[in-house]
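What follows is one structure encoded as structure tokens, with my remarks underneath.
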């Protein structure tokens, strides 16, 4: 660690690893369950596992425009998994399809993240105005990605309570 | 954002805010409960709330030596809240005392974090050998602190399932 550039890259690497580890843990959890098990409640009276898979997928899909990476892939997931609570909709996609969405969106995001320079990580996300960003420069892509990794962890803490 | 130093400070700020927000959310949760409520299970058959408060306190207390910040304050918590599962020990400290420990250890840690330069954030933590750190320089204090914030989020996802 001899140059300043390397130090910036180390901070970036920490954020990237935090994101990748959260995705890996959650994916490992979902991969360990059958499609039938995905339809069960985590514990009695709480969300079904498939709902949390859809919820996490929709939240990550929303990261595309938030990070200035273009249009969303799956905007139709919002009304099923973000604005509606679980068990209020009959028309959820099958688990196999949500698994594909989950893999696709995370791969797309992660490939972008791996390509960013430290400067690109520090750009503002699109939910912040230029004016607010001037006052609060920590509201950047780096913070957003770490925040979303924490969101995965939050739901993972719930998911691990499922007993087959 | 004109100088490289400022960019490094922005990465540090993201990590610090991630930590502080996790602590604030968890503390807000615990503060909203009576000592009697702290003794209840989060959901039937799962950990009691007081156990998770003790667990998080013990894990944060372990951060002192891990981060090279000196001796632990509460090493006696480990056998109650880390190496023993919940409901296997009769001699837990009262909730009021654990609340104090939680506040004290987080304040101490946070004060250290606020004082660190970017270079100090990138120092290795003490669970990594010099040899491994040379190969894996991301195993630094910054990564460890973000990781522990994620650990708080993980248990917070469980705690919010408690119904008074």
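Residue numbers (the numbering used here), protein chains in the order written: chain A, 1 to 164; chain B, 1001 to 1164.
C-beta atoms are modelled at their ideal positions from N, C-alpha and C, and glycine is treated no differently.
Original post:
Three-state secondary structure (DSSP) at residue 975 (chain B)?
Top reply: Outside the modelled stretch of chain B, which goes from 1001 to 1164, sits residue 975 (chain B), for which no answer is possible.
**OP:** Pick helix, strand or coil for residue 1048 (chain B), following the three-state DSSP scheme.
**Re:** To locate residue 1048 (chain B), count along the second chain from 1; it is residue 48. Here residue 1048 (chain B) sits in strand by DSSP.
Original post:
To the nearest angstrom, how far is it from the Cα of residue 1071 (chain B) to the Cα of residue 1121 (chain B)?
Top reply: Residue mapping note: residue 1071 (chain B) aligns to position 71 of the second chain, counting from 1. Residue mapping note: residue 1121 (chain B) aligns to position 121 of the second chain, counting from 1. The alpha-carbon atoms of residue 1071 (chain B) and residue 1121 (chain B) are separated by roughly 19 Å.
Original post:
Between which two residues does the alpha helix (DSSP H) carrying residue 72 (chain A) extend?
Top reply: As a first step, residue 72 (chain A) is located in the first chain; it is residue number 72 there, counting from the start. Careful: residue 72 (chain A) lies outside any alpha helix (DSSP H) and carries neither H nor E.
**OP:** Report yes if the C-beta distance between residue 1074 (chain B) and residue 1105 (chain B) is below 9 Å; otherwise report no.
**Re:** As a first step, residue 1074 (chain B) is located in the second chain; it is residue number 74 there, counting from the start. As a first step, residue 1105 (chain B) is located in the second chain; it is residue number 105 there, counting from the start. Yes, they are a contact pair.
Original post:
Mind checking if residue 53 (chain A) is an interface residue toward chain B, Cβ cutoff 9 Å exclusive?
Top reply: Within the first chain, numbered from 1, the residue matching residue 53 (chain A) stands at position 53. Taking CB atoms only, residue 53 (chain A) has no neighbour in chain B less than 9 Å away.
Subject >> Spatial neighbours of residue 249 (chain A) in its chain, beta-carbon cut-off 6 Å, leaving aside the 5 residues before and after >> reply: Because chain A in this structure spans residues 1 to 164, residue 249 (chain A) falls outside the shown range and cannot be described.
**OP:** Assign residue 1053 (chain B) to one of two classes, buried (16 or more other C-beta atoms within 10 Å of its C-beta) or exposed (fewer than that).
**Re:** Taking the first residue of the second chain as 1, we reach residue 1053 (chain B) at position 53. Per the 10 Å Cβ criterion, buried.
**OP:** For residue 110 (chain A), go through chain B and note every residue whose CB falls closer than 7 Å to its CB, in chain order.
**Re:** The residue you call residue 110 (chain A) lines up with position 110 of the first chain. Those do not exist, as residue 110 (chain A) stays about 16 Å from chain B at its closest Cβ, beyond 7 Å.
Original post:
Among the residues of its own chain, which have a CB less than 8 Å from the CB of residue 1046 (chain B), if the five just before and after it don't count?
Top reply: As a working note, residue 1046 (chain B) is residue 46 in the second chain. Excluding sequence neighbours, residue 1046 (chain B) sits near 1158.
Original post:
Does residue 102 (chain A) have its Cβ less than 9 Å from a Cβ in chain B?
Top reply: In the first chain, counting from the first residue as 1, residue 102 (chain A) sits at position 102. No, because no Cβ of chain B sits closer than 9 Å to the Cβ of residue 102 (chain A).
Original post:
Among residues of its own chain, excluding the 5 on either side of residue 1021 (chain B), which ones have a beta-carbon nearer than 8 Å to its beta-carbon?
Top reply: Counting from 1 along the second chain, the entry for residue 1021 (chain B) is found at position 21. If we look at residue 1021 (chain B) and ignore the five residues flanking it on each side, its Cβ neighbours are 1149.
**OP:** Between the Cα of residue 1160 (chain B) and those of B:1032, B:1114, B:1006, spot the shortest distance and give me the residue it belongs to.
**Re:** Walking along the second chain from the start, residue 1160 (chain B) turns up at place 160. Closest option to residue 1160 (chain B), Cα to Cα, is B:1032.
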